[in-house]
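To start, the structure under review is shown below, and the notes come after it.
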Amino acid sequence: MYRIYTDETVDRAIAKGLEELKVSEADVKIDVEEEGKKGLFGFGRKDAVVRLTVINPELKMYESIDALIGRDAEQADSIIAEEVPEAAGAPGPGPGSSDSSDSMEESENEEADVIEAEELEHVPAQDEEIDEEVHVQISIEEAAEQTRDYVERIIQDMNIERTSEVEVLENEVHIELFSPMAAKLIGKRGITLNALQEVAQQFFNSIYRSYGVITLDVENYREKRRETLENLAVNMSKKAKRIEGPVKLEPMPSFERKIMHHVLSGIEGIETYSEGAEPNRYIVIEKK
Numbered sequence: 002m003y004r005i006y007t008d009e010t011v012d013r014a015i016a017k018g019l020e021e022l023k024v025s026e027a028d029v030k031i032d033v034e035e036e037g038k039k040g041l042f043g044f045g046r047k048d049a050v051v052r053l054t055v056i057n058p059e060l061k062m063y064e065s066i067d068a069l070i071g072r073d074a075e076q077a078d079s080i081i082a083e084e085v086p087e088a089a090g091a092p093g094p095g096p097g098s099s100d101s102s103d104s105m106e107e108s109e110n111e112e113a114d115v116i117e118a119e120e121l122e123h124v125p126a127q128d129e130e131i132d133e134e135v136h137v138q139i140s141i142e143e144a145a146e147q148t149r150d151y152v153e154r155i156i157q158d159m160n161i162e163r164t165s166e167v168e169v170l171e172n173e174v175h176i177e178l179f180s181p182m183a184a185k186l187i188g189k190r191g192i193t194l195n196a197l198q199e200v201a202q203q204f205f206n207s208i209y210r211s212y213g214v215i216t217l218d219v220e221n222y223r224e225k226r227r228e229t230l231e232n233l234a235v236n237m238s239k240k241a242k243r244i245e246g247p248v249k250l251e252p253m254p255s256f257e258r259k260i261m262h263h264v265l266s267g268i269e270g271i272e273t274y275s276e277g278a279e280p281n282r283y284i285v286i287e288k289k
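Per our numbering, the sequence shown starts with residue 2, numbered consecutively.
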């Protein structure tokens, strides 16, 4: 599922496409089919041509590009259809009150994800029931089960239905979560899931003496996110070469930056490095 866009420059053509599709550069694969030419005194000028192919799994669920572009209107119609009719004689909304309700709700949901993630970061590493003075060595399998139970209790407090599976491979513990409210568990760009994983790692470290790594996932989100990051790395490397200046990415956790660095290390003509302090550390890409 793709669409072709043209404009005076590659960057303007890409911007036009992103605006119409209402997506970010991480959601699409960008192919430059024509670089475009400025020409001389208007002669020989040629527009740049780019192809934007949708790769985000959630967006690929739409049957066509036109359906994707019109998704906001479709969602609005769905919300209106599901509204409960007002009681007879009940006062209606004031002037202009319905115009911004959808955008306000979306903004509030995003803020709720951020607030929820920030609250998770301050969850204590252990329950009060755990005796901190008991230092009995337990197996990694037992530590993994206790960590899974701990994560489930946190999610239960969030009033989210869920089931989970745990797998241990050497010193790596993988906890997979399943829920009808998976999107809430993940949060925008994985912010809630990453916070949960950090809390789970802290708890695991507090009960297991040896080294171990916790990976928390929700219905294979991590693999989908990896594909998104790999595509973003390629898109941004091309952008860095076009503009011949630094391209700064959004802050990411260390394990996501490693994915980006791994992909970028195989692309010729660019260099990458990280700047900033955790948790706001980000990648910078430059043309050599």
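Glycine included, each C-beta is placed from N, C-alpha and C at the ideal position. Computed from a predicted model, the values in this text were never measured in an experiment.
Can you tell me the Cα-Cα spacing of residue i and residue j, whole angstroms?
{"i": "residue 56", "j": "residue 257", "result": "18 Å"}
{"i": "residue 51", "j": "residue 192", "result": "31 Å"}
{"i": "residue 98", "j": "residue 287", "result": "Model confidence at residue 98 stands at a pLDDT of 43, short of 50, so the residue's coordinates are unreliable; what they give is reported in the following sentence. Cα-Cα distance, rounded: 46 Å."}
{"i": "residue 170", "j": "residue 248", "result": "37 Å"}
{"i": "residue 237", "j": "residue 227", "result": "15 Å"}
{"i": "residue 283", "j": "residue 46", "result": "38 Å"}
{"i": "residue 71", "j": "residue 229", "result": "23 Å"}
{"i": "residue 271", "j": "residue 265", "result": "8 Å"}
{"i": "residue 86", "j": "residue 158", "result": "No answer about residue 86 holds up, because its pLDDT of 46 lies below 50 and its placement is not dependable."}
{"i": "residue 12", "j": "residue 239", "result": "11 Å"}
{"i": "residue 184", "j": "residue 162", "result": "12 Å"}
{"i": "residue 67", "j": "residue 18", "result": "13 Å"}
{"i": "residue 281", "j": "residue 275", "result": "10 Å"}
{"i": "residue 273", "j": "residue 147", "result": "39 Å"}
{"i": "residue 259", "j": "residue 53", "result": "26 Å"}
{"i": "residue 242", "j": "residue 285", "result": "13 Å"}
{"i": "residue 4", "j": "residue 219", "result": "31 Å"}
{"i": "residue 29", "j": "residue 21", "result": "13 Å"}
{"i": "residue 90", "j": "residue 167", "result": "Annotation note: pLDDT 44 at residue 90 (below 50); position unreliable, no value reported."}
{"i": "residue 31", "j": "residue 63", "result": "19 Å"}
{"i": "residue 187", "j": "residue 221", "result": "11 Å"}
{"i": "residue 69", "j": "residue 279", "result": "35 Å"}
{"i": "residue 23", "j": "residue 235", "result": "20 Å"}
Shortest alpha-carbon distance to residue i belongs to which of the options?
{"i": "residue 172", "options": "228, 237, 154, 143", "result": "143"}
{"i": "residue 210", "options": "145, 149, 279, 72", "result": "145"}
{"i": "residue 140", "options": "227, 219, 178, 212", "result": "212"}
{"i": "residue 152", "options": "180, 161, 188, 197", "result": "197"}
{"i": "residue 27", "options": "261, 273, 279, 155", "result": "261"}
{"i": "residue 245", "options": "263, 289, 156, 59", "result": "289"}
{"i": "residue 33", "options": "189, 167, 16", "result": "16"}
Could you name the residues of the same chain whose beta carbon sits closer than 8 Å to that of residue i, not counting the 5 residues immediately before and after it, in chain order?
{"i": "residue 65", "result": "2"}
{"i": "residue 48", "result": "7, 8, 9, 14, 35, 37"}
{"i": "residue 165", "result": "149, 152, 153, 176, 177, 178, 179"}
{"i": "residue 217", "result": "152, 176, 178, 194, 197, 198, 201"}
{"i": "residue 223", "result": "216"}
Name the DSSP beta bridge partners of residue i, please?
{"i": "residue 165", "result": "178"}
{"i": "residue 273", "result": "286"}
{"i": "residue 215", "result": "174"}
{"i": "residue 233", "result": "Paired residues: none, contrary to the question."}
{"i": "residue 329", "result": "Outside the shown range of the chain (2 to 289) lies residue 329, about which nothing can therefore be said."}
By Cβ distance below 7 Å, which residues in the same chain neighbour residue i in space, the five residues on each side in sequence not counted?
{"i": "residue 61", "result": "2, 55"}
{"i": "residue 39", "result": "46"}
{"i": "residue 233", "result": "26, 27"}
Using a Cβ-Cβ cutoff of less than 6 Å, which residues in the same chain neighbour residue i once the five nearest sequence positions on both sides are dropped?
{"i": "residue 268", "result": "238"}
{"i": "residue 156", "result": "163"}
{"i": "residue 277", "result": "283"}
{"i": "residue 231", "result": "264"}
{"i": "residue 214", "result": "173"}
{"i": "residue 329", "result": "Nothing can be reported for residue 329, as the shown portion of the chain is limited to 2 through 289."}
{"i": "residue 182", "result": "161"}
{"i": "residue 96", "result": "Confidence at residue 96 is low in this model, with a pLDDT of 43, below 50, so its placement is unreliable and no value can be given for it."}
Counting pairs of Cβ atoms below 8 Å between the region 202-209 and the region 250-259, do you hit three or more? Contact between the region 202-209 and the region 250-259 is absent, because fewer than three Cβ pairs lie under 8 Å.
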